[in-house]
Amino acid sequence: MTWQMTVQDMTNEEIVAVEVDSSENVRLDSSSKKTSHLRVKIAKMDQFPVPMKGIKKLRSLVTVGQQCDVTGEALQALFEGAKGLRVVDFTEDFSGGVTVKEIPNEIGKLIHLRYLNLCHNRNLEELPEGMSELQNLHT
1 MTWQMTVQDM TNEEIVAVEV DSSENVRLDS SSKKTSHLRV KIAKMDQFPV
51 PMKGIKKLRS LVTVGQQCDV TGEALQALFE GAKGLRVVDF TEDFSGGVTV
101 KEIPNEIGKL IHLRYLNLCH NRNLEELPEG MSELQNLHT
């Protein structure tokens, strides 16, 4: 599946790219509350940043960069805060990326989710039953 977006209809506030390290959390301030597409570049980090505030309108989340772990608690907070997510890309590769070990059952509440990329996440042992609720997920 190819991920395509119509960028010409978006304003600069809707697309945000941030770089974070282990001393920071992702925080979208009041001027970024319209943010709907977030690209997080991870630098020198052990765990995915929590909490992510101001993300109610978030539609896509793409992570790139260094190796880091994302906990089930972090994903649960993400899923509860951004119920309109359509794209989640937590790709792990040889150069790094996000390692997902557990997906909380709350993923089933992301009724608009169409694209979920967990490629090469070798530590992910099972998928939750909530995955069966994702009727819009493309295969």
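Using UniProt numbering, the first residue of the sequence shown is number 1, and each one after it goes up by one.
Cβ coordinates follow ideal geometry from the N, Cα and C atoms, glycine included.
Next item on the list: Please determine, among 124, 125, 132 and 116, the residue with the shortest C-alpha to C-alpha distance to residue 59.
Entry: Translated into the one-based positions of the sequence shown, residue 59 becomes position 59. Looking at the Cα atoms, 116 is the closest of the given residues.
Note to self: For residue 68, count the other beta carbons within 10 Å of its own beta carbon; 16 or more makes it buried, fewer makes it exposed. Which is it?
What the structure shows: Stepping through the sequence shown from its first residue, residue 68 is reached at position 68. Counting Cβ neighbours within 10 Å, residue 68 comes out buried, since at least 16 surround it.
Next item on the list: Could you tell me the boundaries of the beta strand (DSSP E) in which residue 61 lies?
Entry: The residue labelled residue 61 in the question sits at position 61 within the sequence shown. Segment 60–65, the beta strand (DSSP E) holding residue 61.
Notebook entry, point to check: Which same chain residues, not among the five before or five after residue 79, have their C-beta less than 8 angstroms away from its C-beta?
Noted result: Position 79 of the sequence shown, counted from the start, is the residue given in the question as residue 79. Contacts found: 85, 104, 106, 107, 109 and 110.
Margin query: What does the alpha-carbon distance come out to for the pair residue 138 and residue 114?
Written below: Here residue 138 refers to the residue found at position 138 of the sequence shown. Here residue 114 refers to the residue found at position 114 of the sequence shown. If I take the Cα positions, the gap works out to 5 angstroms.
Item checked: Candidates 127, 101, 128 and 89, of which the one nearest residue 63 by Cα -> As a working mapping, residue 63 is identified with position 63 in the sequence shown. If we check each option's Cα against that of residue 63, 89 comes out closest.
Check: When DSSP labels each residue in this structure, what does residue 78 get in the three-state scheme?
Finding: To locate residue 78, count along the sequence shown from 1; it is residue 78. If DSSP states are grouped into helix, strand and coil, residue 78 belongs with the helices.
Note to self: Considering Cα atoms alone, identify which of 124, 118 and 133 is closest to residue 87.
What the structure shows: For this step, residue 87 is matched to residue 87 along the sequence shown. Checked all of 124, 118 and 133; the closest Cα to residue 87 is 118.
Item checked: Selected residue, minimal CA-CA separation from residue 122, among 56, 102, 83 and 55 -> The count along the sequence shown starts at 1 and reaches residue 122 at position 122. When each option's Cα is compared against that of residue 122, the closest is 102.
Next item on the list: Under the assumption that residue 55 contacts residue 82 (Cβ atoms under 8 angstroms), give the Cβ distance between them as a whole number of angstroms.
Entry: The residue labelled residue 55 in the question sits at position 55 within the sequence shown. The residue labelled residue 82 in the question sits at position 82 within the sequence shown. Indeed they touch by this definition, with Cβ atoms about 5 angstroms apart.
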